[in-house]
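First residue of the sequence shown? That's 195 in the numbering used here, and the numbers climb one at a time after it. Everything below concerns the one structure shown next.
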Amino acid sequence: MFRLLLFLFPVMTLSQSLPQKLQAVLNAHFIPHEPGIALLVMDAGKVVLSKGYGMAYTRKPMAITPKTAFRMASVSKQFTAMAILLLEKEGRLRLSDPLSRYFPELPAWSQQVTIRHMITHTSGIIDGESLLTNEEGRMLPENPWVHNLLDTNYQHLRQIEDRDHLRLLQATDSTYFVPGSQFRYSNSAYCLLALIVEKTARTPFAAFLTERIFKPLGMKGAMAFQPPAPIPNRAFGYARDGSEKWYFNDQSQTSATLGDGGVYLSLNDYARWYSALLNDTLIPIKKVQETLFSVAGPQHRYGAGWFFDTEMWFHSGSTCGFSNFVIAMPASGKLVAWFSNRADDYAAFRKIQTLLIEEGFLKEAVWHWHEQTQ
Numbered sequence: 195m196f197r198l199l200l201f202l203f204p205v206m207t208l209s210q211s212l213p214q215k216l217q218a219v220l221n222a223h224f225i226p227h228e229p230g231i232a233l234l235v236m237d238a239g240k241v242v243l244s245k246g247y248g249m250a251y252t253r254k255p256m257a258i259t260p261k262t263a264f265r266m267a268s269v270s271k272q273f274t275a276m277a278i279l280l281l282e283k284e285g286r287l288r289l290s291d292p293l294s295r296y297f298p299e300l301p302a303w304s305q306q307v308t309i310r311h312m313i314t315h316t317s318g319i320i321d322g323e324s325l326l327t328n329e330e331g332r333m334l335p336e337n338p339w340v341h342n343l344l345d346t347n348y349q350h351l352r353q354i355e356d357r358d359h360l361r362l363l364q365a366t367d368s369t370y371f372v373p374g375s376q377f378r379y380s381n382s383a384y385c386l387l388a389l390i391v392e393k394t395a396r397t398p399f400a401a402f403l404t405e406r407i408f409k410p411l412g413m414k415g416a417m418a419f420q421p422p423a424p425i426p427n428r429a430f431g432y433a434r435d436g437s438e439k440w441y442f443n444d445q446s447q448t449s450a451t452l453g454d455g456g457v458y459l460s461l462n463d464y465a466r467w468y469s470a471l472l473n474d475t476l477i478p479i480k481k482v483q484e485t486l487f488s489v490a491g492p493q494h495r496y497g498a499g500w501f502f503d504t505e506m507w508f509h510s511g512s513t514c515g516f517s518n519f520v521i522a523m524p525a526s527g528k529l530v531a532w533f534s535n536r537a538d539d540y541a542a543f544r545k546i547q548t549l550l551i552e553e554g555f556l557k558e559a560v561w562h563w564h565e566q567t568q
């Protein structure tokens with residue numbers, strides 16, 4: 195028994211000291227009255243650390259907590275993919291279905307693009323954002339959390355929605371490449387996937403996410419962005435100006451699309467989401483893995499809303515005022531989820547990743563490989 199205790203002691207010390215080391219890094223990086231981050235670490239499916247640092251909104255005392263909802267940006271693609279896989283499970287669509295089946299108004303190239311191509315970023319669909327003008331989209335609706343609470347000027351901001359991508363793509367006559375032959379990250383593809391969910395389920399995409407994913411999993415703070423409806427307990431986005439001062443930077447022309455990046459949720463919500471993946475709550479995790487590896491190759495390491503590399507699944511989410519990164523290792527139940535209301539601010543995340551590698555929690559860094567794929 196004594197030898198066993200000696201053997202276990204270093205493991206127990208590592209487990210107990212890791213949260214303190216993580217907090218030390220974050221305390222050194224973040225100033226309490228500035229925009230900040232929320233960090234979730236799980237091991238064997240259990241929460242090791244769940245903590246917020248900094249402010250969700252800097253003009254009023256709104257501290258970041260595990261209940262603070264952040265805009266997920268491209269981390270949202272996991273939920274769009276899950277919606278598709280749920281409908282496939284029910285036999286209401288097939289991943290081999292051509293895009294033209296759902297939107298015959300699209301040009302002939304849509305006959306060659308399948309749902310599988312779109313969910314794996316191998317569709318070659320032209321980037322709808324490249325076709326935008328400043329006049330595209332609807333005016334941001336009047337709503338209290340933008341115009342009154344924040345006292346900021348969004349009166350002239352126009353925002354596009356998922357359906358605007360469909361409209362813009364009707365004017366294209368080709369894809370970037372033969373569908374299925376290459377990898378190219380596509381926000382437009384995921385916007386179209388959200389529209390396919392709406393058309394198949396005959397319900398708004400935001401409502402589908404709420405009723406089929408968020409509510410069943412107890413993700414009480416999760417919702418899709420639908421202005422002018424407010425998002426309770428949310429963080430607001432910020433960016434630095436040329437003098438390194440923070441300024442409010444919460445919405446952009448593309449902040450209202452849902453399929454590619456419109457989900458808001460908290461650390462508490464994401465912990466429930468990851469636990470559901472591990473426990474096959476919505477669909478078997480093997481099905482997600484099959485989608486991941488269905489087109490795997492040197493440049494095709496994406497599926498179902500995740501990049502993947504050996505044992506790790508991961509994804510970033512960068513948008514106006516927000517920077518997020520998630521690393522998951524389903525085989526061991528490990529997870530690192532980093533949500534920030536700071537634009538393009540990953541310096542502290544890299545330090546956290548380095549610490550987790552030094553402590554043996556992560557085997558390798560994924561950041562540089564991930565940057566090269568986008």
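Glycine is no exception: its CB is placed at the ideal position from the N, C-alpha and C atoms.
Cβ-Cβ distance between Ile-425 and Ala-537 below 7 Å = Within the sequence shown, the letter at position 231 stands for residue 425. Within the sequence shown, the letter at position 343 stands for residue 537. No. Outside cutoff.
First through last residue of the alpha helix (DSSP H) which encompasses Leu-287 = Within the sequence shown, numbered from 1, the residue matching residue 287 stands at position 93. Under the DSSP assignment, Leu-287 falls outside any alpha helix (DSSP H); it carries neither an H nor an E label.
So which of Gly-322, Thr-369, Leu-279 has the shortest CA-CA distance to Thr-316?
-> Within the sequence shown, numbered from 1, the residue matching residue 316 stands at position 122. For Thr-316, the nearest C-alpha among the options comes from Thr-369.
Reduced DSSP secondary structure (H/G/I, E/B, other) of Leu-556 | For the purposes of this step, residue 556 is identified with residue 362 of the sequence shown, where counting begins at 1. It is coil, neither helix nor strand.
Which word fits Val-372, buried or exposed, when buried means at least 16 other C-beta atoms lie within 10 angstroms of its C-beta?
-> Numbered from its first residue, the sequence shown carries residue 372 at position 178. The residue in question, Val-372, is exposed, as its Cβ has fewer than 16 Cβ neighbours within 10 Å.
Can you check DSSP and say which residues form a bridge with Met-276?
-> As a first step, residue 276 must be located in the sequence shown, where it is residue number 82. In the DSSP output, where bridge partners are listed per residue, Met-276 has none listed.
Compare the C-beta of Ile-551 against all C-beta atoms of chain D and say whether one is closer than 7 Å.
-> Any reference to chain D falls outside this structure, which holds one protein chain only.
On a CA-only basis, which of Phe-419, Gly-318, Asp-435 is nearest Ala-383? Give me that one, please.
-> In the sequence shown, the residue the question calls residue 383 occupies position 189. That would be Gly-318, whose Cα lies nearest to the Cα of Ala-383.
If Ala-522 sits next to Tyr-468, beta carbons under 8 Å apart, how far is it from one beta carbon to the other, in whole angstroms?
-> Locating residue 522 in the sequence shown gives position 328, counting from the first residue. Locating residue 468 in the sequence shown gives position 274, counting from the first residue. At roughly 7 Å, the Cβ-Cβ gap stays under 8 Å, so Ala-522 and Tyr-468 are in contact.
Using the C-alpha atoms, what's the distance from His-311 back to Pro-255?
-> Walking along the sequence shown from the start, residue 255 turns up at place 61. Walking along the sequence shown from the start, residue 311 turns up at place 117. Each residue's alpha carbon lies about 45 Å from the other.
Can we say the stretch 384-403 touches the stretch 428-447, given the rule of at least three CB pairs closer than 8 Å?
-> Verdict: no, contact absent.
Return helix, strand or coil for Gln-364, following the three-state DSSP convention.
-> Working through the sequence shown from its first residue, we reach residue 364 at position 170. DSSP places Gln-364 in coil when its eight states are reduced to three.
Determine the closest residue to Gln-420 out of Asp-503, Tyr-458, Asp-237, with distance taken between C-alpha atoms.
-> As a working note, residue 420 is residue 226 in the sequence shown. Comparing Cα-Cα distances from Gln-420 to each of Asp-503, Tyr-458, Asp-237, the minimum goes to Tyr-458.
So, helix, strand or coil for Val-307, using DSSP?
-> On the sequence shown, position 113 is the one that residue 307 refers to. In this structure, Val-307 counts as coil in the three-state DSSP scheme.
How close, in whole Å, do the beta carbons of Asn-518 and Pro-229 come, if the pair is a contact with beta carbons under 8 Å?
-> For the purposes of this step, residue 518 is identified with residue 324 of the sequence shown, where counting begins at 1. For the purposes of this step, residue 229 is identified with residue 35 of the sequence shown, where counting begins at 1. In this structure Asn-518 is not in contact with Pro-229, their Cβ atoms being roughly 13 Å apart against a cut-off of 8 Å.
Any idea what DSSP makes of Tyr-464, helix, strand or coil?
-> Taking the sequence shown and counting its residues from 1, one reaches residue 464 at position 270. Three-state result, Tyr-464: helix.
Could you name the residues of the same chain whose beta carbon sits closer than 8 Å to that of Pro-260, not counting the 5 residues immediately before and after it, in chain order?
-> On the sequence shown, position 66 is the one that residue 260 refers to. Only Ala-232, Leu-234, Ser-244, Lys-245, Gly-246, Ser-460, Leu-461, Asn-462 meet the Cβ criterion.
Have a look at Ala-525, Ser-526, Ile-546, Pro-410 and flag the residue whose alpha-carbon is nearest the alpha-carbon of Phe-533.
-> Reading the sequence shown from its first residue, position 339 is the one you call residue 533. For Phe-533, the nearest C-alpha among the options comes from Ile-546.
From the DSSP output, in three-state form, read off Arg-428 for me.
-> Here residue 428 refers to the residue found at position 234 when the sequence shown is read from its first residue. Arg-428: strand per DSSP, three-state reduction.
Do you know offhand how far Ser-446's Cα is from Asp-454's?
-> Sequence index remark: in the sequence shown, residue 446 carries index 252 (1-based). Sequence index remark: in the sequence shown, residue 454 carries index 260 (1-based). Taking the straight line joining both Cα atoms gives about 14 Å.
Spatially closest choice to Arg-495 from Asp-291, Thr-252, Thr-314, by CA coordinates = Residue mapping note: residue 495 aligns to position 301 of the sequence shown, counting from 1. That would be Thr-314, whose Cα lies nearest to the Cα of Arg-495.
Measure the C-alpha to C-alpha separation of Gly-527 and Val-242 and round it to an integer number of angstroms.
-> Mapped onto the sequence shown, residue 527 falls at position 333. Mapped onto the sequence shown, residue 242 falls at position 48. Their Cα atoms are separated by approximately 11 Å.
DSSP three-state call for Leu-243: helix, strand or coil?
-> Position 49 of the sequence shown, counted from the start, is the residue given in the question as residue 243. Looking at Leu-243 - three-state DSSP - the assignment turns out to be strand.
Would you mind giving the Cβ-Cβ distance between Gln-364 and Leu-325, rounded to the nearest angstrom? I have them listed as a contact below 8 Å.
-> Position 170 of the sequence shown holds residue 364. Position 131 of the sequence shown holds residue 325. Not a contact, Cβ separation roughly 10 Å.
Does the Cβ-Cβ distance between Gly-456 and Ser-270 come in under 7 Å?
-> In the sequence shown, the residue the question calls residue 456 occupies position 262. In the sequence shown, the residue the question calls residue 270 occupies position 76. Yes. Within cutoff.
List the DSSP bridge partners of Arg-406.
-> Here the question's residue 406 lines up with position 212 in the sequence shown. Looking at the DSSP output, Arg-406 shares a beta bridge with no other residue.
Glu-284 classed as buried or exposed, judged by whether at least 16 other C-beta atoms fall within 10 angstroms | Locating residue 284 in the sequence shown gives position 90, counting from the first residue. It is exposed - the Cβ of Glu-284 has fewer than 16 other Cβ atoms within 10 Å.
In its own chain, which residues sit with a C-beta less than 6 Å from the C-beta of Asp-539, not counting the 5 before and 5 after it?
-> Mapped onto the sequence shown, residue 539 falls at position 345. Cβ within range, chain order: Ser-517.
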